[in-house]
Amino acid sequence: MLKWKKNDIYFVMAVAAIALCLICQRFMFSKEGARVVVQRDGKTVGTYSLAEEERLVFTSEDGGKNVLAIRDGKAYMETADCPDKLCVKQGAIGREGESIICLPHKLVIQVTGGEDREADAVAMLQN
12 MLKWKKNDIY FVMAVAAIAL CLICQRFMFS KEGARVVVQR DGKTVGTYSL AEEERLVFTS
72 EDGGKNVLAI RDGKAYMETA DCPDKLCVKQ GAIGREGESI ICLPHKLVIQ VTGGEDREAD
132 AVAMLQN
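The numbering of the sequence shown is my numbering, which starts it at 12 and goes up by one.
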């Protein structure tokens, strides 16, 4: 049986508090995305708005097929014929920086913001 000392309890509480702060920061400060960028082998295949409902089919050179659905401001991999189907199990994404990756088909779907951040910074400096 493991005996807990006072410092062990403090350490576990500190780690839990830091984890909770990081989780809260992720949800409080990350913005809702405006579009998804789809890339295959590092090349952009397309950019799609999260505001419009769509069902997109992507076929790889070896015949692999992924179906990406966009609905209610979120994107998710509806089906895929890859062996592990991790991209399907990932669930819906909709916040900036979130992504779905299908390694067997070399497909990356990433949520980005609606506006160019550099242009926003320049515009703020000019005001």
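Glycine residues also receive a C-beta, built at the ideal position from the N, C-alpha and C atoms.
Within 8 Å, strictly: CB atoms of residue i and residue j
{"i": "Arg51", "j": "Leu114", "result": "no"}
{"i": "Val49", "j": "Gly57", "result": "yes"}
{"i": "Ala45", "j": "Gly102", "result": "no"}
Span of the beta strand (DSSP E), counted from its first residue to its last, around residue i
{"i": "Cys113", "result": "110-113"}
{"i": "Leu118", "result": "118-123"}
{"i": "Leu67", "result": "65-70"}
{"i": "Ala86", "result": "85-91"}
{"i": "Lys54", "result": "54-60"}
{"i": "Lys76", "result": "76-82"}
{"i": "Arg106", "result": "No beta strand (DSSP E) contains Arg106, which DSSP labels as neither H nor E."}
Buried or exposed by the 16-neighbour rule on C-beta atoms within 10 Å, applied to residue i
{"i": "Asn77", "result": "buried"}
{"i": "Cys98", "result": "buried"}
{"i": "Ile34", "result": "exposed"}
{"i": "Leu79", "result": "buried"}
{"i": "Glu64", "result": "exposed"}
Sequence-distant residues of the same chain with beta carbon closer than 6 Å to residue i, five excluded per side
{"i": "Gly84", "result": "Leu61, Gly105"}
{"i": "Val47", "result": "Tyr59, Ala86, Ile120, Val122"}
{"i": "Ser71", "result": "His116"}
{"i": "Val31", "result": "What sits at residue 31 in the sequence shown is Leu, not Val. None."}
Cβ of residue i within 8 Å of any chain B Cβ
{"i": "Arg106", "result": "The displayed structure is made up of one protein chain only, and chain B is not part of it."}
beta-carbon residue i near the ligand FAD non-hydrogen atom, thresh 7 Å
{"i": "Thr70", "result": "By its list of ligands, the structure shown contains no ligand whatsoever, and the ligand FAD lies outside what it can speak to."}
Sequence-distant residues of its chain with Cβ nearer than 7 Å to residue i (five each side left out)
{"i": "Ala27", "result": "none"}
{"i": "Ala21", "result": "Reading the sequence as shown, one finds Tyr at residue 21 and not Ala. Excluding residues within five positions, none has a Cβ falling inside 7 Å."}
{"i": "Asp92", "result": "Gly75, Lys76"}
{"i": "Ile111", "result": "Met88, Cys98, Gln101, Ile104, Ile120"}
Residue range of the alpha helix (DSSP H) that includes residue i
{"i": "Lys100", "result": "97-100"}
Cβ neighbours of residue i in the same chain (closer than 8 Å, five flanking residues each side left out)
{"i": "Arg66", "result": "Val78, Leu79, Ala80, Ile81, Glu89"}
{"i": "Pro94", "result": "Pro115"}
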